[in-house]
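Note that the protein sequences, when read in sequence, are chains A and B. Take the first sequence: its letter number 106 is residue 106 in this note's numbering, and every next letter is one higher. Take the second sequence: its letter number 52 is residue 52 in this note's numbering, and every next letter is one higher. Contents: one structure, followed by commentary.
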Amino acid sequence: MNFIEIGILVLSFLIFLSFRVPIAYAIGLAAFVTLIYSMPFIPSVTTLAQRMATSLDSFTLSAIPFFILAGQIMNRGGIAVRLINFAKAIVGPLPGGLAFVNIISCMLFGAISGSAVAAASAIGGFMNPMMEKDGYDKPFSAAVNITSATTGLIIPPSNVLIVYSLASGGVSIAALFIAGYVPGLLLGLALMIVAAIYSIIKKYPTDKLVSIKTFLERFLDALPSLMLLVVVIGGIVGGIFTATEASAVAVIYTFVLGMLYKEIRLTDMSSILLETIKTSAIVLLLIATSIAMSWVMSYENIPQEISSALLGISENPIVILILINLILLFVGIFMDMTPAVLIFTPIFLPIVTAMGMDPVHFGIIMIMNLCIGLCTPPVGSVLFVGCSVADLKIQKVIKPMLPLFLAMIAVLILITYFEDLTLWLPRVFDLID
Amino acid sequence: MRATIVDILGKVCLTVLFIMLAAVIWQVFSRFILQSPSTATDEISSFSLIWVGLLGAAYATGMHLHLAIDLLPEKMVSRNAAFFDGFVYLSVFVFAFCVMIIGGARLCQLTFQFEQTSASLGLPLGFIYLVVPVAGILICYFSLDSFFAKIKSQKAA
Numbered sequence: 001m002n003f004i005e006i007g008i009l010v011l012s013f014l015i016f017l018s019f020r021v022p023i024a025y026a027i028g029l030a031a032f033v034t035l036i037y038s039m040p041f042i043p044s045v046t047t048l049a050q051r052m053a054t055s056l057d058s059f060t061l062s063a064i065p066f067f068i069l070a071g072q073i074m075n076r077g078g079i080a081v082r083l084i085n086f087a088k089a090i091v092g093p094l095p096g097g098l099a100f101v102n103i104i105s106c107m108l109f110g111a112i113s114g115s116a117v118a119a120a121s122a123i124g125g126f127m128n129p130m131m132e133k134d135g136y137d138k139p140f141s142a143a144v145n146i147t148s149a150t151t152g153l154i155i156p157p158s159n160v161l162i163v164y165s166l167a168s169g170g171v172s173i174a175a176l177f178i179a180g181y182v183p184g185l186l187l188g189l190a191l192m193i194v195a196a197i198y199s200i201i202k203k204y205p206t207d208k209l210v211s212i213k214t215f216l217e218r219f220l221d222a223l224p225s226l227m228l229l230v231v232v233i234g235g236i237v238g239g240i241f242t243a244t245e246a247s248a249v250a251v252i253y254t255f256v257l258g259m260l261y262k263e264i265r266l267t268d269m270s271s272i273l274l275e276t277i278k279t280s281a282i283v284l285l286l287i288a289t290s291i292a293m294s295w296v297m298s299y300e301n302i303p304q305e306i307s308s309a310l311l312g313i314s315e316n317p318i319v320i321l322i323l324i325n326l327i328l329l330f331v332g333i334f335m336d337m338t339p340a341v342l343i344f345t346p347i348f349l350p351i352v353t354a355m356g357m358d359p360v361h362f363g364i365i366m367i368m369n370l371c372i373g374l375c376t377p378p379v380g381s382v383l384f385v386g387c388s389v390a391d392l393k394i395q396k397v398i399k400p401m402l403p404l405f406l407a408m409i410a411v412l413i414l415i416t417y418f419e420d421l422t423l424w425l426p427r428v429f430d431l432i433d
Numbered sequence: 001m002r003a004t005i006v007d008i009l010g011k012v013c014l015t016v017l018f019i020m021l022a023a024v025i026w027q028v029f030s031r032f033i034l035q036s037p038s039t040a041t042d043e044i045s046s047f048s049l050i051w052v053g054l055l056g057a058a059y060a061t062g063m064h065l066h067l068a069i070d071l072l073p074e075k076m077v078s079r080n081a082a083f084f085d086g087f088v089y090l091s092v093f094v095f096a097f098c099v100m101i102i103g104g105a106r107l108c109q110l111t112f113q114f115e116q117t118s119a120s121l122g123l124p125l126g127f128i129y130l131v132v133p134v135a136g137i138l139i140c141y142f143s144l145d146s147f148f149a150k151i152k153s154q155k156a157a
């Protein structure tokens, strides 16, 4: 076993991270340091530069900035309010009403935007003050908002599923997208159960039932936003669009909608585009250096060694899956989702496919697992955004978040061991066999 | 000077992103409305992504936007803030200099030398990859600038 290379890679990565080097650069530097140990300098840097450039030379990945852009437009375009009002009409009267509204709005927002961070800020921005006014305690509201925002990554469209499709060597995006629905809904449901119990104990108020007329009004008001879901997902699953084309159509659709709602003017577009570039560039540099790192790892034969080490512990698929899940949970705490997917998919996917697992199923397991990491410090983008929107310190939110974590882990276990929950829908649509 | 460069860089990225969007929209339009699918748009959008990604990364570095993590206790970092910041700027500089400038330049040279061109537009790939050393130079400039600004403010304090 090449302990030296693995040691250099892991150690240098940890050192750069602890010295607060930005994650994308820390990954690139660790790859660089490891490679120059086993290759001359010029070929090393040339190969890394080449990996970085070619990793982004991808039509599929072009969907990422577009979905981010569509999310940015939705953020300002009055779409969030309409979704919240609609969700209020459905679940407001139930125990834990506003918490349910928060969760469902996040799911709906995630279902049309595909960004957990956008969901946390857009929905949290409206819901936190609303819940506070009704007597919900602030940390609980923020915890609900943060955890439910991650459902948007599993419910399609989802940028991280596109990244997984790339990392797995081309698993169908349509199949991955449609496979995300049931697990995403289950996750939302599990969070709602916890929220309901908490709200009943705390005796939080509920809304009155709305009249059918109000319900219809709010439904019609939200309908154009919800139609986006039909256009994007229907288009991708129906084979009319590729994911990239659908994401560009989503940009145009949300833009026109924002203009019609008079919430966006043409002059706002340059600031929205600039905001999109900031968010996208961070993700894209992460992708470029992570793919370079992934290449270095396979050059050093690291995936094969991890795989034989894992299989050395046990050959029982259930044990292996538990181990992989635990490793991913641990990785998710310290690593952002995109690099984690790009670096660990090539390591774990061959192991699980050899055990007969479907790559679509594994993708959903992996993303759901890493979603938990998005809500934990020290690296949790959704946690950070959710806390800053709620104007709370991270430490305050952790405690009410613990039962919600348990719910997420319970769903993760369900999804891992009952593959039909994930694979049933793509089979119905004939996207996998 | 730095503010001007960041500003121009932002505008360049914005333009490339817009071109990318226009290309994909055109692809949909040409297939459904004109019934004659365009083949060039695929390449335009992929190449634009390389440019947006790497120039955008330089832009984000110029604006101090890349995410770092707090693994070490906050007190320890804030007490030695100058040391930690200096280390970060130099690390970023080393990466950009070695991998992006030297490696990127060599990559371009090889690509030009072997006259590699893109499949549908016939563009020399060396031009596309030129963004790697260019972004590298910008990132080096930003990190050195931050480094010396830090030293200056340290001396003043």
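Beta carbons: idealized from backbone N, C-alpha and C, even for Gly.
Quiz item: With L285 of chain A and A68 of chain B assumed to form a contact (beta carbons below 8 Å), what rounded beta-carbon distance in angstroms separates them?
Solution: The pair is not a contact, with the Cβ atoms about 13 Å apart (cut-off 8 Å).
Exercise. Please list the residues of the stretch 76-92 of chain B that have a C-beta atom closer than 7 Å to any C-beta atom in chain A, keeping them in chain order.
Key: V77, F84, F87, V88, S91, V92
Quiz item: Under 7 Å between C-beta atoms, does R427 of chain A make it to chain B?
Solution: no
Quiz prompt | Residues that R106 of chain B contacts on chain A, provided the C-beta gap is smaller than 8 Å | solution = I42, V45, T46, A49
Quiz item: Among A:I193, A:F215, A:N369, which residue has its Cα nearest to the Cα of A340 of chain A?
Solution: A:N369
Quiz prompt | Distance, F109 of chain A Cα to R76 of chain A Cα | solution = 13 Å
Practice problem: Taking N128 of chain A as the reference, give the member of A:I103, A:F177, A:G152, A:A116 with the closest Cα. | Solution: A:I103
Quiz item: Are the C-beta atoms of E245 of chain A and some chain B residue less than 7 Å apart?
Solution: yes
Quiz item: With 7 Å set as the bound, which would you pick, yes or no: does the beta-carbon of I25 of chain B sit closer than that to a beta-carbon of chain A?
Solution: yes
Self-check item: I212 of chain A: first and last residue of the uninterrupted alpha helix (DSSP H) it sits in
Solution: 212-229
Exercise. Could you tell me which chain B residues have their CB closer than 8 Å to the CB of Y25 of chain A, listed as they occur along the chain?
Key: H66, S91, V92, F95
Exercise. Could you have a look at T416 of chain A and say whether DSSP puts it in helix, strand or coil?
Key: helix
Quiz item: Which residues of chain A have a Cβ atom closer than 7 Å to the Cβ of G53 of chain B, listed in chain order?
Solution: L56, A281, L284, L285, A288
Quiz item: Alpha carbon to alpha carbon, how far is K393 of chain A from G103 of chain B?
Solution: 43 Å
Quiz item: Using 7 Å as the limit for Cβ to Cβ distance, is R20 of chain A near chain B?
Solution: yes
Exercise. Say whether the stretch 119-136 of chain A touches the stretch 251-264 of chain A, bearing in mind that this needs 3 or more beta-carbon pairs closer than 8 Å, one atom from each stretch.
Key: no
Exercise. Taking the CB atoms as reference points, tell me whether I327 of chain A and I365 of chain A lie closer together than 7 Å.
Key: no
Quiz item: Any idea what DSSP makes of T150 of chain A, helix, strand or coil?
Solution: coil
Quiz item: Near V442 of chain A, which residues of its chain fall below 7 Å by C-beta distance, leaving aside the five closest residues on each side in sequence?
Solution: The displayed coordinates of chain A run from 1 to 433. Any statement about residue 442 of chain A would go beyond what the structure contains.
Quiz prompt | Cβ pair count under 8 Å reaching 3, the stretch 16-23 of chain A against the stretch 263-272 of chain A | solution = no
Practice problem: Would you verify that the beta carbon of G62 of chain B is, or is not, closer than 7 Å to some beta carbon of chain D? | Solution: Among the protein chains of the structure shown, namely A and B, there is no chain D.
Quiz prompt | Per DSSP, the bridge partner or partners of A422 of chain A | solution = The identity of residue 422 of chain A in the sequence shown is Thr, whereas the question assumes Ala. Paired residues: none, contrary to the question.
Practice problem: With a threshold of 16 other CB atoms inside 10 Å of the CB of S199 of chain A, please say whether the residue is buried or exposed. | Solution: buried
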